[in-house]
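Let me begin by presenting the structure, written as structure tokens, before commenting on it.
Laid out in structure tokens, this is it:
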């Protein structure tokens, strides 16, 4: 019995020793394998890269995001079926109310209407000039590219006439009868496509963008009449009271030759825009640097000598006449003379290269621009190019402004901002720090983003 117990004890001990030795060998094998793997080059998991979510096209991303947008109670498949069967519709606007919003809410100042109509006239002239580069018959017998403004106080009418490209009857329907459709933008796109290979003529002079500036005329007018003649059509008349419009062939025939006349029947409260001094101020403020000559129908009083009628002579005068028969009696009379006066004689010298501008031209521009009788102390003329390109001329006068310190915290109006030579604002914050408010000058750009009314700049990171 004792022998049996001893044999069992020996067998148990042998089994325990064998198990512990075998486990140590496996552990050592694992360590060796790990060491071998650590010495090998790193390997990429074969499963990595199977997902291609990040490399899908934008359309696939949009589709995936749309599938994630679910309505309560609808599965992705049901939602897709719903969208496939849905009828696409266009937004509809009530035109009368839309016109009221444009007329009464879009613009801050009523005087903006004249700037917009002059800009439209300038664009019409630019279009004709571009066409004349390839079509020698575009100008016809009239090669004068001008804008003329005339007021009629008796009939409460204001007329703005240009000798530009003009409009056909269908153009009037397409562009004047469609809100926010810009003829200038479409023309610019076509010209850019045509001249992509050979861009000899700059088209940065074109001003219009949004197709709503024309309707600013209703700020001051209760009726607008547009008469236009295009080389490819007869003369037509477009007429509107802002609620509806009509287009018809002009029964008078061809009175313009080529171009457009915008005639405004002014509201009673807008009579001030019939006054010569008011028109002069607005034109000078907003459009004095337009590329084309702007003429205003103005009056002036002149004195001249006229012969004295015989019945006006008294007995003494008759005796004098007998003594001196060769000397004819005259008297001075005053009369009013009407004529066209050029409004924009000053030229935008900042558009030229600094090397091409003389010091006398800088001085003359400074005096006309600032109304300062003295020459400037110093000036700088430069072009800044980047995401936004602009040209500028800055002046420092010989004498500091008398109200320099009193107006330190007020908005500076010494720097005037132009976009394509059309005045936008003189109260743009952060153009210059306040301590440089004595600097006077002009900044002009073709790239600055404007709001629809073109009275202020859009908020844009490029301006920060």
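Numbering (mature numbering (1 follows the signal peptide of the UniProt record, and there is no 0)), first residue to last: -27 to -1, 1 to 437.
Glycine is no exception: its CB is placed at the ideal position from the N, C-alpha and C atoms.
The way I'd put it, the stretch 140 to 155 doesn't touch the stretch 244 to 264; fewer than three beta-carbon pairs between them come closer than 8 angstroms. Apart from sequence neighbours up to five positions away, the residues of its chain that approach residue 149 with a beta-carbon distance below 6 angstroms are 211, ordered along the chain.
Its Cα nearest to that of residue 187, the residue 92 stands out among 92, 134 and 408. By the C-beta criterion, the stretch 48 to 59 is judged not to be in contact with the stretch 196 to 215, since fewer than 3 inter-stretch pairs fall below 8 angstroms. For residue 387, the closest of 226, 410 and 396 by C-alpha to C-alpha distance is 410. Unbroken alpha helix (DSSP H) runs of no fewer than 4 residues, entirely contained in the stretch 322 to 399, are found at 332 to 343, following chain order. The beta carbon of residue 371 sits closer than 8 angstroms to those of 347, 348, 349 and 350, all from its chain and outside the five residues before and after it, given in chain order.
It is roughly 48 angstroms from the alpha-carbon of residue 105 to the alpha-carbon of residue 278. The stretch 65 to 85 and the stretch 191 to 199 touch, with no fewer than 3 CB-CB distances between them shorter than 8 angstroms.
Secondary structure of residue 127 (DSSP, three-state): coil. Between residue 276 and residue 305 the beta-carbon gap is near 5 angstroms, inside 8 angstroms, which marks them as a contact. DSSP, read as helix, strand or coil, puts residue 84 in coil. DSSP, read as helix, strand or coil, puts residue 262 in coil. The closest CA to that of residue 120, considering only 221, 108, 270 and 227, is found on 270. Residue 413 is bridged by DSSP to 368.
According to DSSP, residue pairing for residue 277 in a beta bridge involves 306.
For residue 197, the pairing in a beta bridge is given by DSSP as 213 and 237. Going by C-alpha positions, residue 405 is about 37 angstroms away from residue 118. Of the other Cβ atoms in all chains shown, 16 or more fall within 10 Å of the Cβ of residue 235; this residue is therefore buried. Taking C-beta separations shorter than 6 angstroms and ignoring five residues to either side along the sequence, the partners of residue 397 in its chain run 390, following chain order. With a cutoff of 8 angstroms on beta-carbon distance, residue 232 and residue 136 are scored as near each other. As a beta-bridge residue in DSSP terms, residue 220 pairs with 211. In the structure shown, the three-state DSSP call for residue 257 is helix.
Counted as a single uninterrupted DSSP element, the alpha helix (DSSP H) harbouring residue 51 occupies residues 49 to 58. In this structure, residue 239 sits away from residue 367, with a CB-CB distance that is not shorter than 8 angstroms. Pairing residue 337 with residue 111, the inter-Cα distance amounts to about 37 angstroms. Using a Cβ distance threshold of 8 angstroms, residue 246 and residue 313 do not count as a contacting pair. Excluding five sequence positions before and after residue 321, the CB atoms of its chain that fall closer than 6 angstroms to its own CB belong to 262 and 394, given in chain order. Of 375, 331, 221 and 242, the smallest CA-CA separation from residue 198 is found for 221.
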